[in-house]
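Mind the numbering: the sequence shown is residues 169 to 241 in my numbering, read in order.
All residues carry an ideal CB built from backbone N, CA and C; glycine is no exception.
In what follows, a single structure is set out as structure tokens and then discussed.
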Amino acid sequence: MGGGLGVDVDRQGWPEGEIELRAVAAGHYLGRDMMTPAPGSIPRPLASRLVAVDLAGRAAAVIERAQGLAATG
């Protein structure tokens, strides 16, 4: 699934195929995590999914800061 399209996994279940969770900080793409749910798997609660997204954002911010520090010497 791409292009930032939303899926209501609580109602529709997981989409077919891979799911991409991008790590972006300050508008810079820093990486991604590709996930493939097992057929028939039940989505985690919304709170757990939001924590995963928050952690990806925090990791991206740390990577961006480290890259900025390396560039400045």
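Determine whether the beta carbon atoms of residue i and residue j lie at a separation below 9 Å.
{"i": "residue 190", "j": "residue 224", "result": "yes"}
{"i": "residue 315", "j": "residue 174", "result": "Summary: the structure shown does not reach residue 315, with the chain confined to residues 169 through 241, and so no result is reported for it."}
Would you tell me roughly how many angstroms separate the C-alpha atoms of residue i and residue j, rounded to the nearest one?
{"i": "residue 207", "j": "residue 183", "result": "10 Å"}
{"i": "residue 234", "j": "residue 216", "result": "27 Å"}
{"i": "residue 195", "j": "residue 179", "result": "31 Å"}
{"i": "residue 262", "j": "residue 214", "result": "Outside the displayed range of the chain (169 to 241) lies residue 262, so it cannot be described from this structure."}
{"i": "residue 170", "j": "residue 199", "result": "Annotation note: pLDDT 45 at residue 170 (below 50); position unreliable, no value reported."}
{"i": "residue 230", "j": "residue 218", "result": "19 Å"}
Cα-Cα, which of the options is closest to residue i?
{"i": "residue 188", "options": "194, 226 and 204", "result": "204"}
{"i": "residue 176", "options": "198, 212 and 230", "result": "212"}
{"i": "residue 186", "options": "226, 178, 210 and 201", "result": "201"}
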